[in-house]
Each structure stands twice: as structure tokens, then as C-alpha cells.
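So the protein sequences, as listed, match chains C and X.
Each residue of the first sequence is one higher than the one before, starting from 1 at the first, in the working numbering.
Each residue of the second sequence is one higher than the one before, starting from 1001 at the first, in the working numbering.
See below for the structure under consideration.
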Amino acid sequence: MKILGIETSCDETSVALVEDGHVVLSNLIASQVRIHARFGGVVPEVASRAHLQQLLPMVDECLSRHDMSLAEVDALAVTRGPGLVGALLVGVETAKALAWATRKPLIPVHHIAAHLYAPFLKGDPSASQTTMMGNSPTDQSVHAAHAAADIPAPHTSGPTPDPLTYPYMGLVVSGGHTSLIHVHSPLRHTVLAETVDDAAGEAFDKTAKLLELGYPGGPLVSARARGGDRARFKLPRPMLAGSGIQFSFSGLKTAVGKIIREVGLETIRADEEMLRDLCASFEEAVVETLLRKAHRALRQTGVRQLAVVGGVASNQRLREAATEYLPGHQAIFPPPIFCTDNAAMIAGLAYHHHETSADTADLTMNARADLPIT
Amino acid sequence: MMADEWLMDCESPEATERLAQRVARGLRGGEVISLEGDLGAGKTFFTRVLAHALGVVDNVASPTFVLQRIYAVQDGPVRTLFHYDVYRLEHYDELADLGFEEMPDDAVALVEWGGKFVSALPAGTVRIIFEVTGDEERRVQVLNAPAGW
């Protein structure tokens, strides 16, 4: 069974063709990161327009790679939410139109549930392709971000983990989400913890902004942090005291702001070693907090495996540190191409919706910016 | 009603909390408050305290990524709290697209970084501007405060 997936929840337009829920035949991603870099964040109106421009040509490209027509696809899947409403609408309305025209089933998919499913995707790496939209940046910082993003992140060090099996713990880390989710089956989830303020990726973005490193913050801070002294600056490990598993990252940004006020931004930026150590100390505070809370959730539920998913799961230090902070447990990271927002995970999870129930939608289905996970 | 302008030094987060609670007590519905100041100045912190003082039970998280969060208020004259972050919006129209102009009369809107659209926001918009004067100290300027506050 071949499902065509569409994902437009934020700043990546993606179309994928996935067979039987696992085999990724094509996974095309058009990233708008260069377009948004000059604004220092995703601009919703700009994102929606770019999705609109990219989406239908990408559907054509995806099908023509396999000499297929839409008529040969078994079903259409689309991200219904959560995300930016204008961006989601482009995907949802396009998918509805295609479903209506071809009389194919339309399967709405939850974006976070799909991220949690990403570890199960397989397929030739060449089936995935990322295109950078926008002009070649002249800004050095954006170059650095892409150079950092292009370095293949290693899988966890140590012994190869067993294949992921249900039930498992999901740590979802991205620009908009930081949560621990107990995954019982592909379509059944219990949210155990979320961030009470900023998301982990947001903490990276805001710290990069404070240090005037540019956007996107994650890869830029990580690139600077490489080889730095992770213990030089004492930064808070928010809410690590006690036994709670909720996250809070707002105080970390405040702590970095305090160091900048004391030392002076110019002084920090002029001293390469200090900047590197500050970035490394910040990154370690985020990584340690994420993994210690995840470890706590694993112990509290008696679950053995942790799947780390979402954009921040590409972070190299997070991958390295997972064995260190999760004694007695296994951490599984999807390849970076499946950590970023992508349609393969949408088409993959849609297969289970299609198999287990008649989870198809009619044409009155709407995008929902705050769609809850079930 | 005459509008007031205040300037105060909050020497601690507790002082900022008291200010947020005082503002919450003065809200009757229909108010728009623009929250301004640098990253880490306390805009979201202020919103969280104000929301809980109003009677919001849910956790108040950062609106940065999603642009808009909506909270139900348990009781009192204000029934809904809208929390926006317009840092990444280019035009006021994008705020209007989020439903900003269709807010019911018994709702209150807090708009982080609202200063960038100040000429497009309603005439009665109250501006609260936070200046970082120390690790925990903030100088807070309130412009266009209703006389009742």
C-alpha cells in the first residue's frame, strides 16, 4: 500500500511516498530556513506563501520519480496539526482537493504522533532530498548553520540498541515542543510532561539571539560549542531538584542574559574561547536537563527504550550524552533527515490509521493549530 | 476617563508579581495590553502572574512558537485571556488574521512585542514597557493606564 504524505506545519514543505508504513520511497523536503533567517524566526505569512508555491510541484516531482500518477496512490495523508494555522491550511486544503479529485481516502495525521513514529521509517537514504529555498545567504552565520546541519550526526555511541518496540518513551524536542510522551502503540499516547514555559529549541534560538549569533539558533550554538568547556559557566539545570518531569527553559535564557550583562557582549564575542565555552555550557545544561528528566520518566513508568525525536534530536551532543545519562536504558534517534519536519513520517503513520480503523476524513476536515495528541 | 502614566522600579520578581496582580484586578474585559522590553525582561513572566491572578488554571507557556495561546478564566468579568507574541509578525494584518479583531468583549489580550504595531492597535491599548536594570530589578513604565488601575 502506497501513501502520499504532505507536511506543511511550519517552515518545511515536504511530500513523501511511503509503502506499507515503513519503506520510504521518496521524501522531498523544501526548507525555508534561509528565507526566514533574516527575520530571526519563522514568519507565518511568508511560510504560507512559500508552501503554496512549492507544494504542487513537489507532489508532481515525488510521483514522477516513480513514474506514478496520483491514480496509483492508495491514499493521501496530511498533517492536520499542531502547527502554524496558515501553514497547515495550505497542506490540508491541497490534500482535500487531491483526495476529492482522485476519490482517494484522506487521512489526517497528528504532527507529534508522526515524529514519535519516525524511528520506524526505513529506506535508501538517497530517497530523501532536502532543497534549500531562498537565495544563497551572504550572512556567514547562516552558512555556519548549514555546515553544522550537514555534518551527519552519529547514532548513539556504545552498543547498537535493539529495534524499538512498543511501549516506549518519546522525548519530543523541537522549536515548538518539549515533551515526554508514553507511546503505547502507533496511535495511542499519554503525555506525561511538557515545558511550562519555553521549548528546548526555543531556548537555543533565544540564546543565539542574545549572543547575536543569528538564526536558526540550534545548529549555530552547537557549532560554536564544539570543543568548548561544558563546565566553565555554571548554568541552572531547571527543575532538576525533586522528582518532577516537567521542563522549564526560560530561566536558562535569563541566566545567559545575566552573564552577558556582567561580562559584556563585546567581550564575549571578541574572545573565541569564552564564546565557545559559554555555548558549550548552555548546550550541556539543556542536554543534561532533557536526558535526566527522560531517565526519570523511564524509571517511573518501567519503560526500557527512549526514542528522541524532533528537530533538536539532530543535536550531536544530545546523541553522545544519551548513553551517559541513561544507564540501564536504550536511546534511539532517527536519522537527522527524519528528525526534521518531513512527510515520510506522516505517510508512515497514516498507514496505521488506515489499517486499524477507518480513520479517514471527509472534506469538512479542518487544520487545527492546537490539535491535541491522543 | 483620564489615562495615567506610571513609572516604577520593581526591585524583585515579587514586586513585578504585585504589579501584575494589581493590573489583573483592574481588568474588566476588552482591554489590550502591549508588553514590551528585551528578551528575558519578563514579558511572559508578567503574563503568567496576571493570568493566574485573573483565575486562569492552565499553565501559561511561551507563545513564541505558536504566536497565540488562549486561556479560559474561571470566574470574574474577564472570561478569556488571549496571549500573543508578535515578534515574528511582519504586518499588523497577520495579527488580525489570528482573530485578534474578533475577540469577544469579555476577553483581554496581552500582546508581547506589541510596540511594533502600536499605531495599528486599538486607541485604548495600554503599553507596559520593561527595562532590565539588574539581575532581578526591572524598571516598568505603564503608558495609557486606565484611571481605575
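Quick reminder that beta carbons are idealized off the backbone N, C-alpha and C, glycines included.
Contact residues within the region 1064–1098 of chain X, judged by C-beta distance below 9 Å to chain C: T1064, F1065, V1066, L1067, Q1068, R1069, I1070, Y1087, R1088, L1089, E1090, H1091, D1093, E1094, D1097, L1098
Is DSSP giving H184 (chain C) helix, strand or coil here? strand
At a CB-CB cut-off below 7 Å, which residues of chain X make contact with T340 (chain C)? By Cβ distance, chain X contributes nothing, its closest Cβ being about 16 Å from T340 (chain C), past 7 Å.
Going along the region 76–108 of chain C in order, which residues come within less than 9 Å of chain X, judged by CB to CB distance? P82, G83, L84, V85, G86
To which residues does DSSP link A1139 (chain X) through a beta bridge? In the sequence on display, residue 1139 (chain X) carries Arg and not Ala. X:D1009, X:E1131, per the DSSP bridge assignment.
Would you kindly check if the distance between the Cβ of A280 (chain C) and the Cβ of R230 (chain C) is under 8 Å? yes
Alpha-carbon spacing of E202 (chain C) relative to S1012 (chain X), whole angstroms: 25 Å
Length at least 4, wholly inside the region 212–257 of chain C: the alpha helix (DSSP H) runs in chain order: 217–225
Please list the segments of the beta strand (DSSP E) lying wholly inside the region 1019–1101 of chain X, counting only runs of 3 or more residues, in order along the chain. 1032–1036, 1068–1072, 1080–1085
What is the residue span of the beta strand (DSSP E) that R80 (chain C) lies within? 75–81
By Cβ distance below 7 Å, which residues in the same chain neighbour L363 (chain C) in space, the five residues on each side in sequence not counted? K96, W100
Chain C partners of L1039 (chain X), CB-CB under 8 Å? K206, K209, L210, K253, G257
Taking 8 Å as the cut-off, does the region 50–59 of chain C touch the region 325–333 of chain C (at least 3 CB pairs, one atom from each stretch)? no
Assigned secondary structure, V286 (chain C) (DSSP; H/G/I helix, E/B strand, else coil): helix
Buried or exposed by the 16-neighbour rule on C-beta atoms within 10 Å, applied to T1047 (chain X): buried
Euclidean distance between Cα positions of V23 (chain C) and I3 (chain C): 11 Å
Cα-Cα separation between T195 (chain C) and V287 (chain C), rounded to whole angstroms: 14 Å
Rounded to the nearest angstrom, how far is the Cβ of S243 (chain C) from that of R296 (chain C), given a contact under 8 Å? 7 Å
S9 (chain C) - partner residues in DSSP beta bridges: In the DSSP output, where bridge partners are listed per residue, S9 (chain C) has none listed.
Under 8 Å Cβ-Cβ, which residues of chain C neighbour S1119 (chain X)? Chain C residues near S1119 (chain X): none, gap ~19 Å exceeds 8 Å.
Length of the line joining the Cα atoms of Q1141 (chain X) and V1132 (chain X): 12 Å
Tell me whether Y351 (chain C) sits in a helix, a strand or coil according to DSSP, three-state version. helix
Nearest chain X C-beta to T8 (chain C) closer than 8 Å, yes or no? no
Round the Cβ separation of M345 (chain C) and L106 (chain C) to the nearest angstrom and send it over; I've been treating them as touching at under 8 Å. Contact flag wrong, Cβ pair sits at about 17 Å.
Nonlocal neighbours in the same chain, by C-beta distance under 8 Å from L116 (chain C), ignoring five residues either side: G170, V172, I181, V183, H189, A307, V309
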